[in-house]
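Q: For the protein sequence lines, the chains are A and B, in the order given. What the first sequence shows, in my numbering, is residues 6 to 482, in sequence order. What the second sequence shows, in my numbering, is residues 2 to 364, in sequence order.
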Amino acid sequence: MAEDARGAEGAGAAGQAGGAGLAVELAGVTFSYRAAPALDGVSLKVPRGGFWAIVGPNGSGKTTLLRCMSRALRPQAGVVLLEGSDVMALAARDVARRLAVVPQATPGEGAEFTVAEVVLMGRQPHLGRFETEGAGDWEAVRRALEQTQTLGLADRRFEELSGGERQRAVIARALAQEPRVLLLDEPTAHLDLAYQVQVLGLLRHLNRTRGLTVLAVMHDLNLAAQYFDSFMLLARGRVCAVGAAEEVLTAANIGRAYGGDVLVSRHPVHQRPLVTLVRGGGEGGGEGGGEQGGDATAAAPGPAPTHASAPGPAPAEDAFTVHVIGGGGAAGHLMAELCRCGWRVTAGVLNRGDSDAERAEGLGIRVVTVPPFTPVGPREHAQNLALARAADAVAVASVPFGPANVINLEAARAALAAGRAVVLVDEAPVSGRDYVGGAAAAAHERLVQGGAIVAGSVAEALRAIERATGGTGPWTE
Amino acid sequence: MMPRKGAAGDLAAAVLRRRRARRALIAALSLALLAVGVVALTVGAVAIPPATVLRCLFGFLPGPGPAPDPAQMAIIVMLRLPRVITGAIVGAALAVAGAILQALFRNPLADPYVIGASWGASLGAVAVMVSGVSVSFFGLSAVPIAAFLGAIAAVLVVYRLAREDGALPVLTMLLAGIAVGSMLSAAVSLLVYFADRRLHQVVFWMMGGLGGATWAHVAVGLPYLAVALGVAFFYSRELNAMLLGEETAQQLGVEVERAKRVMLAVTALLTAVAVSLGGPIGFVGLVVPHMVRLGSGADHRQLLPAAALAGAVLLVAADTLARTVIAPTELPVGLVTALGGSPFFIYILRHRRRMRFFAGRGG
Chain A
6 MAEDARGAEG AGAAGQAGGA GLAVELAGVT FSYRAAPALD GVSLKVPRGG FWAIVGPNGS
66 GKTTLLRCMS RALRPQAGVV LLEGSDVMAL AARDVARRLA VVPQATPGEG AEFTVAEVVL
126 MGRQPHLGRF ETEGAGDWEA VRRALEQTQT LGLADRRFEE LSGGERQRAV IARALAQEPR
186 VLLLDEPTAH LDLAYQVQVL GLLRHLNRTR GLTVLAVMHD LNLAAQYFDS FMLLARGRVC
246 AVGAAEEVLT AANIGRAYGG DVLVSRHPVH QRPLVTLVRG GGEGGGEGGG EQGGDATAAA
306 PGPAPTHASA PGPAPAEDAF TVHVIGGGGA AGHLMAELCR CGWRVTAGVL NRGDSDAERA
366 EGLGIRVVTV PPFTPVGPRE HAQNLALARA ADAVAVASVP FGPANVINLE AARAALAAGR
426 AVVLVDEAPV SGRDYVGGAA AAAHERLVQG GAIVAGSVAE ALRAIERATG GTGPWTE
Chain B
2 MMPRKGAAGD LAAAVLRRRR ARRALIAALS LALLAVGVVA LTVGAVAIPP ATVLRCLFGF
62 LPGPGPAPDP AQMAIIVMLR LPRVITGAIV GAALAVAGAI LQALFRNPLA DPYVIGASWG
122 ASLGAVAVMV SGVSVSFFGL SAVPIAAFLG AIAAVLVVYR LAREDGALPV LTMLLAGIAV
182 GSMLSAAVSL LVYFADRRLH QVVFWMMGGL GGATWAHVAV GLPYLAVALG VAFFYSRELN
242 AMLLGEETAQ QLGVEVERAK RVMLAVTALL TAVAVSLGGP IGFVGLVVPH MVRLGSGADH
302 RQLLPAAALA GAVLLVAADT LARTVIAPTE LPVGLVTALG GSPFFIYILR HRRRMRFFAG
362 RGG
């Protein structure tokens with residue numbers, strides 16, 4: 006995409022080296038340390054000017070993959086092509102002129118050098134044995150220092166630097182190489198927020214203006230989602246998914262690769278996928294559930310999610326099921342909280358494209374939907390009734406009721422009749438959201454008289470559901 | 002402080018200023034070597050005034066003063082001068098070999114003997130001494146030749162042991178060096194045990210000494226030293242990069258395995274020259290690089306020449322002390338370097354922080 010967008014200043018770095026159009030190509034790369042296979046037949050095509058994040062859980066082979074690409078490891082099978090030539094057949098110097106590596110920070114190495122000396126080492130592949138650095142080399146060093154905002158550190162010893170300063174100095178060293186391909190291993194690992202944004206912004210700038218191909222191993226999926234164009238998800242040494250952020254960062258893919266329950270929604274501001282851990286793979290009790298407040302913003306029109314409906318989060322087989330009646334964004338928080346607490350959740354009937362429907366999809370919830378602005382038909386209603394009866398409890402969110410969806414309250418009544426607990430989550434009084442001339446309020450009243458529990462907030466509703474289902478919810482532990 | 006903004010020239014200037022300061026160190030060390038050399042030529046059983054020494058060396062110095070008589074001339078030119086130059090060769094070779102190996106192994110405790118050379122040399126030399134062989138080639142007795150060959154052979158064995166499918170892992174090399182070294186040292190002990198009549202000669206050789214250095218030693222040692230130093234100097238940038246770790250060095254374009262083989266060959270040569278000319282002299286190869294690094298910084302382009310000069314200064318000074326302190330008896334020079342150098346090194350170590358501070362402020 007940024008192929009032809011090279012700025013004038015990058016003319017020297019880009020260009021030449023024949024047509025192929027691929028910066029890096031991996032074909033069936035397989036590598037084992039001793040017995041344990043680290044990479045198992047990994048293939049990937051990275052076009053010139055690609056901006057790639059390599060993600061995956063610990064031990065999935067991300068770093069090994071980078072080391073194979075940089076010729077530090079020789080794959081036992083398969084081949085790594087750098088601009089069309091096999092890296093193992095190239096001299097170290099030829100590789101280093103085209104490709105630079107920012108490794109994970111290793112404290113102590115090169116401790117006695119100054120920052121300027123370390124960055125100057127980036128000119129090594131461009132200098133002959135009997136050559137000394139010339140004006141062009143100094144200019145490259147200065148530019149690299151300036152871009153990483155380390156010019157002020159030039160005269161400091163490497164060992165005196167903080168982790169973040171050291172990381173930026175190492176990035177400067179790689180930039181001084183003036184490579185066409187840049188590999189980075191967790192470039193933001195030791196950086197605080199401001200520098201994370203600065204470093205990734207710089208990489209994107211170099212990518213856009215000079216066509217620098219970037220492949221970075223990223224740990225923070227959300228940070229990666231915010232910046233990178235393309236993703237490769239690795240799990241246990243195999244490629245799990247490749248493509249755009251929306252294609253790769255789905256609840257299903259991430260759940261499969263990481264083994265935990267995650268919620269994938271849209272970031273309220275830039276609409277990129279936002280991954281939230283619901284429940285870790287090993288132990289229960291997720292963290293960071295505090296991002297769900299942005300329903301109103303998330304409902305803003307954006308591209309429809311491209312990920313297929315996902316099996317997604319998998320609560321325990323014997324978990325109690327709660328059926329949620331939602332719509333219009335009113336149930337987003339409720340569904341997320343229920344999932345977070347380990348309930349099995351179903352929902353209906355929702356309009357597709359509605360933020361509740363998107364949220365449900367992100368959570369991997371089984372949901373009955375109708376097309377946008379379409380009333381609930383008899384088929385959907387029947388499905389909804391079935392789900393409500395099958396659940397252990399039904400929760401009715403503070404949904405505005407109109408002619409198209411008031412029928413959903415029937416499902417709650419059916420559940421009540423079947424002896425299920427029904428909780429009315431009245432964050433706002435029902436009279437204020439009745440657009441069917443009192444019919445919704447009346448139905449609500451009937452439910453209350455029939456034994457439905459009224460809760461004033463989501464938290465209260467959760468406690469009520471737990472009590473109603475016999476205190477077997479996750480909070481009883 | 003660096004200016005926040007500025008042209009590449011400013012940056013280059015700042016780095017070059019630092020380099021220039023380090024070149025001043027090299028100039029100072031060169032002067033020190035000259036001074037120590039002259040002093041070494043004046044003292045001894047017959048004291049010869051410095052002016053006479055200079056006149057004798059350069060021949061054209063005008064001015065008053067006694068002309069050197071042939072006896073003084075002979076003492077200087079035939080006895081003291083080759084000894085001083087041999088001392089400088091040995092000191093420079095050991096210090097540079099130490100500096101290279103510390104970078105190669107990324108280990109501050111590495112010295113020229115970790116690759117097994119010293120014990121190989123000892124075994125060769127002691128074997129010749131015990132067996133009483135007395136052939137000579139080009140004015141050299143069999144002892145230095147055997148020491149040289151022994152050193153090279155030992156390093157080759159270490160190299161073969163450490164090689165693993167085309168690569169030379171430095172840790173394996175370190176361990177192989179230690180293993181081969183202790184095996185060889187046991188063999189030397191065995192020979193020494195049965196040395197009886199020649200015991201004194203053997204023990205004295207093993208303490209290190211420059212007694213009996215001749216022009217033949219200089220003629221043999223100097224070319225090796227020059228070649229090895231030249232090769233090492235043009236690998237300075239590679240050595241710098243290797244200090245960042247082998248993988249990083251390779252990613253910076255260094256052919257790491259080739260660099261390691263070349264550097265191993267260079268250090269083997271340097272150590273073999275040093276040990277065959279001066280016996281196994283300890284301390285210099287370990288400590289001189291550290292002392293020099295405090296002033297020169299880690300960049301091998303400055304470190305290697307500075308280490309060569311400092312090693313030469315130290316060894317010539319130590320040898321001069323060795324042959325004058327309890328004259329007419331000579332002390333083994335290895336004893337002097339260790340006895341005199343260790344406290345000095347400890348002092349530097351203790352005051353390192355403050356010296357760092359000064360080094361950091363200049364710039």
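For glycine and all other residues, C-beta sits at the position ideal for the given N, C-alpha and C.
Say whether chain B places a C-beta atom closer than 8 angstroms to the C-beta of Pro-108/A.
A: So, interface residue.
Q: Does the segment 456–463 of chain A come into contact with the segment 17–31 of chain B, if we say contact requires no fewer than three beta-carbon pairs (one atom in each stretch) closer than 8 angstroms?
A: No, the segment 456–463 of chain A does not touch the segment 17–31 of chain B.
Q: To be precise: take each residue of the segment 309–325 of chain B, compare its Cβ to all Cβ atoms of chain A, and keep it if any distance is under 7 angstroms. Which residues remain?
A: Cβ contacts with chain A: none found.
Q: Determine the extent of the alpha helix (DSSP H) in which Val-136/B is found, giving its start and end residues.
A: Premise fails: Val-136/B is in no alpha helix (DSSP H) and is neither H nor E.
Q: Do the segment 208–218 of chain A and the segment 274–281 of chain B meet, that is, are 3 or more Cβ pairs less than 8 angstroms apart?
A: At 8 angstroms Cβ cutoff, the stretches do not touch.
Q: Evaluate the contact criterion for the segment 259–276 of chain B versus the segment 147–167 of chain B: three or more CB pairs, one atom per stretch, below 8 angstroms.
A: Touching, per the Cβ criterion.
Q: How is Phe-284/B classed by DSSP in three states: helix, strand or coil?
A: DSSP places Phe-284/B in coil when its eight states are reduced to three.
Q: Pick out the complete beta strand (DSSP E) segments inside the segment 46–75 of chain A, 3 residues or longer, and give them in chain order.
A: Taking only runs of at least 3 residues, the beta strand (DSSP E) segments lying wholly in the segment 46–75 of chain A are 56–60.
Q: By DSSP's criteria, Asp-190/A is part of a beta bridge. Which residues make up the other side?
A: DSSP output for Asp-190/A lists Val-222/A as bridge partner(s).
Q: Do Val-29/A and Val-186/A have their CB atoms nearer than 8 angstroms?
A: Yes, they are a contact pair.
Q: Give me the Cα-Cα distance between Arg-56/B and Val-288/B, rounded to the nearest whole angstrom.
A: Approximately 35 angstroms between the Cα atoms of the pair.
Q: Run through chain B and tell me which residues come within less than 7 angstroms of Arg-171/A, C-beta to C-beta.
A: Those do not exist, as Arg-171/A stays about 12 angstroms from chain B at its closest Cβ, beyond 7 angstroms.
Q: Cβ of Leu-315/B within 8 angstroms of Cβ of Val-285/B?
A: Result yes, Cβ atoms of Leu-315/B and Val-285/B sit closer than 8 angstroms.
Q: Run the CB neighbour count on Arg-198/B, radius 10 Å, all protein chains shown included, and call it buried at 16 or more, exposed below.
A: Burial call: exposed.
Q: Is it true that the CB of Leu-343/A sits closer than 8 angstroms to the CB of Val-327/A?
A: Against a cut-off of 8 angstroms, the Cβ pair of Leu-343/A and Val-327/A comes out as a contact.
Q: Quick one: which residues of the segment 362–386 of chain A get their C-beta closer than 8 angstroms to a C-beta of chain B? List them in chain order.
A: Those residues of the segment 362–386 of chain A that come within reach of chain B (Cβ to Cβ, closer than 8 angstroms) do not exist; the list is empty.
Q: Considering only their Cβ atoms, is the gap separating Thr-155/A from Glu-170/A smaller than 8 angstroms?
A: Yes, Cβ-Cβ distance for Glu-170/A and Thr-155/A is below 8 angstroms.
Q: Please list, in chain order, the chain A residues whose beta carbon lies closer than 8 angstroms to that of Leu-12/B.
A: Near Leu-12/B (Cβ distances below 8 angstroms), the residues of chain A are Ala-121, Trp-143, Val-146, Arg-147, Leu-150, Leu-156, Ala-159.
Q: Mind listing which residues of the segment 12–35 of chain B have their C-beta closer than 7 angstroms to chain A's C-betas, in chain order?
A: Taking 7 angstroms as the Cβ-Cβ cut-off against chain A, the residues of the segment 12–35 of chain B that qualify are Leu-12, Ala-13, Ala-15, Val-16.
Q: Would you kindly work out how many angstroms separate the C-alpha atoms of Arg-474/A and Asp-397/A, rounded to a whole number?
A: Before going on, a small fix: residue 474/A reads as Thr here, not Arg. The alpha-carbon atoms of Thr-474/A and Asp-397/A are separated by roughly 7 angstroms.
Q: For Glu-471/A and Tyr-232/A, I'd like the C-alpha separation in whole angstroms.
A: Looking at the two C-alpha atoms, the distance is approximately 41 angstroms.
Q: Does Leu-78/A come out as helix, strand or coil in the three-state DSSP assignment?
A: Correct three-state label for Leu-78/A: coil.
Q: Using 8 angstroms as the Cβ pair cut-off and three pairs as the minimum, do the segment 267–277 of chain A and the segment 99–108 of chain A touch?
A: The segment 267–277 of chain A vs the segment 99–108 of chain A: no contact.
Q: Does the Cβ of Val-463/A have 16 or more other Cβ atoms within 10 Å, making it buried, or fewer, making it exposed?
A: So Val-463/A ends up on the buried side.
Q: Name the DSSP bridge partner or partners of Met-237/A?
A: Answer is Ile-59/A, Val-247/A.
Q: Taking a Cβ distance cut-off of 7 angstroms, strictly less, list which residues of the segment 222–256 of chain B are near chain A, in chain order.
A: Correct list: Phe-235, Arg-238, Asn-241, Ala-242, Leu-244, Leu-245, Gly-246, Glu-248, Thr-249, Gln-251, Gln-252, Leu-253, Gly-254, Val-255, Glu-256.
Q: Quick one: which chain A residues come within Cβ less than 8 angstroms of Gly-280/B?
A: Going along chain A, no residue has its Cβ under 8 angstroms from Gly-280/B, so there is no contact; the nearest lies around 32 angstroms.
Q: How long is the line joining the alpha carbons of Gly-369/A and Asp-359/A, rounded to whole angstroms?
A: Looking at the two C-alpha atoms, the distance is approximately 15 angstroms.
Q: Can you tell which of Ser-277/B, Leu-105/B, Met-292/B has the C-alpha that lies nearest to the C-alpha of Thr-173/B?
A: With distances taken between Cα atoms, Thr-173/B lies closest to Leu-105/B.
Q: Check Leu-355/A in the structure and name its three-state DSSP category.
A: In the structure shown, Leu-355/A sits in a strand (DSSP, three-state: E or B).
Q: In three-state terms, what does DSSP make of Phe-195/B?
A: Of the three classes helix, strand and coil, the one that applies to Phe-195/B here is coil, per DSSP.
Q: Out of Arg-302/B, Ala-299/B, Gly-45/B, Asp-300/B, state which residue places its alpha-carbon closest to the alpha-carbon of Ala-331/B.
A: With the sequence shown as reference, residue 331/B is identified as Glu, and Ala is not the correct amino acid for it. Considering only alpha carbons, the answer is Gly-45/B.
Q: Counting C-beta neighbours from all protein chains within 10 Å, is the total for Pro-109/B 16 or more, i.e. buried, or is it exposed?
A: Per the 10 Å Cβ criterion, exposed.
Q: Using a Cβ-Cβ cut-off of 8 angstroms, state whether Ala-266/B counts as contacting chain A.
A: For Ala-266/B, the answer is no, since every Cβ of chain A falls outside 8 angstroms of its Cβ.
Q: Quick one: give me the first and last residue of the alpha helix (DSSP H) that Thr-268/B is part of.
A: Per DSSP, Thr-268/B belongs to the alpha helix (DSSP H) from 257–279.
Q: Looking at C-beta atoms only, is the number of pairs between the segment 332–339 of chain B and the segment 204–215 of chain B that lie closer than 8 angstroms three or more?
A: The segment 332–339 of chain B is in contact with the segment 204–215 of chain B.
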